[in-house]
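**Student:**
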Amino acid sequence: MMDESPANKTRKAVGGMNWSDFVVIGIIGAFAVMGLFKGFIMSVYRLVSFVVCVYLSIKLSPVLVRILEKTAVFDVIKSMIVRNLEAWSKSAFSSPTVLPTGTAGAETILGTMPMPDAFRNSILNNLPSPSELIDINGIVNAIGDGLANMVLSVLCLILLYIVLQLIFAFLGMLLRQIAELPVFKQVNKIGGLLLGALQGFLVVYILFAILTLFNSNPAFAPVFEQLGSSMLASGFYENNIIINFLFPPITA
1 MMDESPANKT RKAVGGMNWS DFVVIGIIGA FAVMGLFKGF IMSVYRLVSF
51 VVCVYLSIKL SPVLVRILEK TAVFDVIKSM IVRNLEAWSK SAFSSPTVLP
101 TGTAGAETIL GTMPMPDAFR NSILNNLPSP SELIDINGIV NAIGDGLANM
151 VLSVLCLILL YIVLQLIFAF LGMLLRQIAE LPVFKQVNKI GGLLLGALQG
201 FLVVYILFAI LTLFNSNPAF APVFEQLGSS MLASGFYENN IIINFLFPPI
251 TA
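Quick note, the sequence shown lines up with residues 1 to 252 if you use our numbering.
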């Protein structure tokens, strides 16, 4: 008789509570308590401020990059990158002078560097004309321009996000004082409790959705056995809204 798979074991009849149920209750309870202390107003404010900070950082960073490209900041970043590229090319190639010129030379150097394809393609698409890539120095300088621009873009994005978060943190201090007014306090606390519990539910669904990736791994068999015999956790696992959304059931 074949051994029962972990996935099938979760379909057994639900029994009493076990450690998996307490994990679920603990996660939801912890988020509910955090929501209670934060309050509904501040919980929503933090979520909105995060989204706004990310959006504004993405939108404003190109403007800041264009400004800093004309300053010594860009030159310093580029000089550091060029020095590293020169050292890299010497260690990667026994004789860098035999590299092909033009775009082919840049492709050869970039092909030896551990970077995402998106970065590599972006640099190649923004190289100057082949007439400027006649030797190793010209190629390294062009690649240095592209990499320096990417580094500067990331730094500007992070810098803007930090500055915007500080601004919203100051505004949040003012909003917290308003939320503590008697007319808002009770509603704010109850709303925060409910919103926190809702976040806890979502976290549980996410964790169980990730857990499905391991349902064929024998090492996780004890975990799925506990889920199958649990009182609460089995419901989150078997009726996972995230899994149902990603893989909707096929109706006849």
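The C-beta atom is built at its ideal place from N, Cα and C for all residues, glycine as well.
Just so it is clear, the structure is predicted and the values come from calculations on it, not from any experiment.
Between Q165, V204, V23 and T71, which has its C-alpha nearest V48's C-alpha?
**Tutor:** Along the sequence shown, one-based indexing puts residue 48 at 48. It is Q165.
**Student:** What residue does the alpha helix (DSSP H) around F224 start on, and which one ends it?
**Tutor:** Translated into the one-based positions of the sequence shown, residue 224 becomes position 224. Taken as a continuous stretch (DSSP letters only), the alpha helix (DSSP H) holding F224 covers A221 to G228.
**Student:** Considering Cα atoms alone, identify which of I190, P222, Q226 and L211 is closest to K38.
**Tutor:** In the sequence shown, the residue the question calls residue 38 occupies position 38. Checked all of I190, P222, Q226 and L211; the closest Cα to K38 is I190.
**Student:** Please report the Cβ distance between L175 and Y45, rounded to the nearest whole angstrom; I am assuming they are in contact, meaning their Cβ atoms lie under 8 Å.
**Tutor:** Walking along the sequence shown from the start, residue 175 turns up at place 175. Walking along the sequence shown from the start, residue 45 turns up at place 45. Rounded, the Cβ-Cβ distance is 6 Å, consistent with contact.
**Student:** In whole angstroms, give me the CA-to-CA distance for L227 and I243.
**Tutor:** Numbered from its first residue, the sequence shown carries residue 227 at position 227. Numbered from its first residue, the sequence shown carries residue 243 at position 243. Their backbone Cα atoms lie some 16 Å apart in a straight line.
**Student:** In chain order, what residues of the same chain lie with their CB nearer than 6 Å to the CB of L64, ignoring the 5 residues before and after it?
**Tutor:** The sequence position of residue 64 within the sequence shown is 64, counting from 1. Closer than 6 Å at Cβ, skipping near neighbours: C156.
**Student:** Buried or exposed for V24, please, with buried defined as at least 16 other CB atoms from any protein chain shown within 10 angstroms of its CB.
**Tutor:** Numbered from its first residue, the sequence shown carries residue 24 at position 24. Burial call: buried.
**Student:** Can we say the segment 146-160 touches the segment 15-35, given the rule of at least three CB pairs closer than 8 Å?
**Tutor:** Not touching, per the Cβ criterion.
**Student:** What are the uninterrupted segments assigned as alpha helix (DSSP H) that are 4 or more residues long and contained completely in the segment 165-240, given in chain order?
**Tutor:** Counting only runs of 4 or more, we get 182-211, 221-228 and 233-238.
**Student:** Which first and last residues belong to the alpha helix (DSSP H) in which K59 is found?
**Tutor:** The sequence position of residue 59 within the sequence shown is 59, counting from 1. Looking at the DSSP string, the run of the alpha helix (DSSP H) that includes K59 is W19 to L68.
**Student:** For G35, which residues from the same chain have a beta carbon less than 6 Å from its beta carbon, with the 5 sequence-adjacent residues on both sides left out?
**Tutor:** Here residue 35 refers to the residue found at position 35 of the sequence shown. Answer for G35: S43, G192, L193, L195 and G196, listed in chain order.
**Student:** Among Y205, F214 and I210, which residue has its Cα nearest to the Cα of L232?
**Tutor:** Position 232 of the sequence shown, counting from 1, holds the residue named residue 232. Nearest of Y205, F214 and I210 to L232, Cα basis: Y205.
**Student:** Cβ of I67 within 8 Å of Cβ of L152?
**Tutor:** Here residue 67 refers to the residue found at position 67 when the sequence shown is read from its first residue. Here residue 152 refers to the residue found at position 152 when the sequence shown is read from its first residue. No.
**Student:** Can you tell me whether D75 is buried or exposed, with buried defined as 16 or more other CB within 10 angstroms of its CB?
**Tutor:** Numbered from 1 along the sequence shown, position 75 holds the residue referred to as residue 75. Burial call: exposed.
**Student:** Taking just the CA atoms, how far does A87 sit from G138?
**Tutor:** As a first step, residue 138 must be located in the sequence shown, where it is residue number 138. As a first step, residue 87 must be located in the sequence shown, where it is residue number 87. Using only the alpha carbons, I get a separation of about 15 Å.
**Student:** I'd like the list of long-range same chain contacts for M80, defined as Cβ closer than 6 Å, with 5 residues on each side in sequence excluded.
**Tutor:** The count along the sequence shown starts at 1 and reaches residue 80 at position 80. Result list for M80: empty, nothing under 6 Å.
**Student:** What residues in its chain sit with their C-beta under 7 Å from that of P128, if we drop five residues either side in the sequence?
**Tutor:** For the purposes of this step, residue 128 is taken as the residue at position 128 of the sequence shown. The answer, listed in chain order, is A142.
**Student:** If you draw a straight line from the alpha carbon of L85 to that of D145, how long is it in whole angstroms?
**Tutor:** Residue 85 sits at position 85 when you count from the first residue of the sequence shown. Residue 145 sits at position 145 when you count from the first residue of the sequence shown. Approximately 11 Å between the Cα atoms of the pair.
**Student:** How would you call Q177, buried or exposed, if buried means at least 16 neighbouring beta carbons within 10 angstroms?
**Tutor:** Numbered from 1 along the sequence shown, position 177 holds the residue referred to as residue 177. Flag for Q177 reads exposed.
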